[in-house]
Amino acid sequence: MSNLESIVDRFEIEALRGEFTDAVMMRDYNRLASLFTEDGVVRVPHINAQAVSRKEIRAGAERQQGLWDYFVQTTHPGTIQLAGDTAVGRAYVSELMHGRNGRCELNYAVYHDCYRRTEDGWKFAERVYEVRYLDTTPLAGSAPQAS
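Just so you know, we're using my numbering here: the sequence shown kicks off at 218 and counts up by one.
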């Protein structure tokens, strides 16, 4: 693989990670699911949750987002190690959530990713979400109300 190909692959994988965060924030569940391979997997070990397939990933994301009045996720670039048509990497995440039941969360986490090149470009083959810090104290702020 040439250095230019490596740069392009890294750029495309970083764009994939950005699309994921945007799809989550915009509650675009169809787009979110499309970012995974057909047999893609999302694992969230701290709540013993997993979704296998685009259909399950879409349904799980919609179900989780339905629990929150508001949800903010920011993702920060991490590592990418290329190996031909596959790659592994990490992305660092901060999330702020206020549940419809009054539960609040602020967390910092790591996505441990496996990527696969497809005919449609790079996709997630697997995302494992590892929470490194969790704060459930009430949030001081709130989402602005639409006028």
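Every residue gets a Cβ at the ideal spot worked out from N, C-alpha and C, and that includes glycine.
Can you give the beta carbon distance from Q175 to M242, rounded, assuming they're within the 8 Å contact cut? This structure does not reach residue 175, given that the chain is present from 218 up to 364, and the question cannot be answered.
Whole angstroms is fine: what's the gap from F237's alpha carbon to S311's? 14 Å
Between E336, S359 and R349, which has its C-alpha nearest P262's C-alpha? R349
May I ask you to list the residues that DSSP assigns as paired with A250? Its beta-bridge partners do not exist; DSSP assigns none.
How far does the beta strand (DSSP E) with L313 in it extend, from its first residue to its last? T303 to G316
By a C-beta neighbour count over all protein chains shown, 10 Å radius and 16 as the cutoff for buried, is H293 buried or exposed? exposed
Between E229 and the rest of its own chain, which residues show a CB-CB distance below 7 Å, the 5 nearest in sequence each way excluded? G338 and W339
Where do the N-terminal and C-terminal ends of the alpha helix (DSSP H) with D239 fall, by residue? N220 to M242
When burial is assigned at 16 or more other CB atoms within 10 Å of the CB, is V225 buried or exposed? exposed
Residue range of the unbroken beta strand (DSSP E) whose run includes R334: C321 to T335
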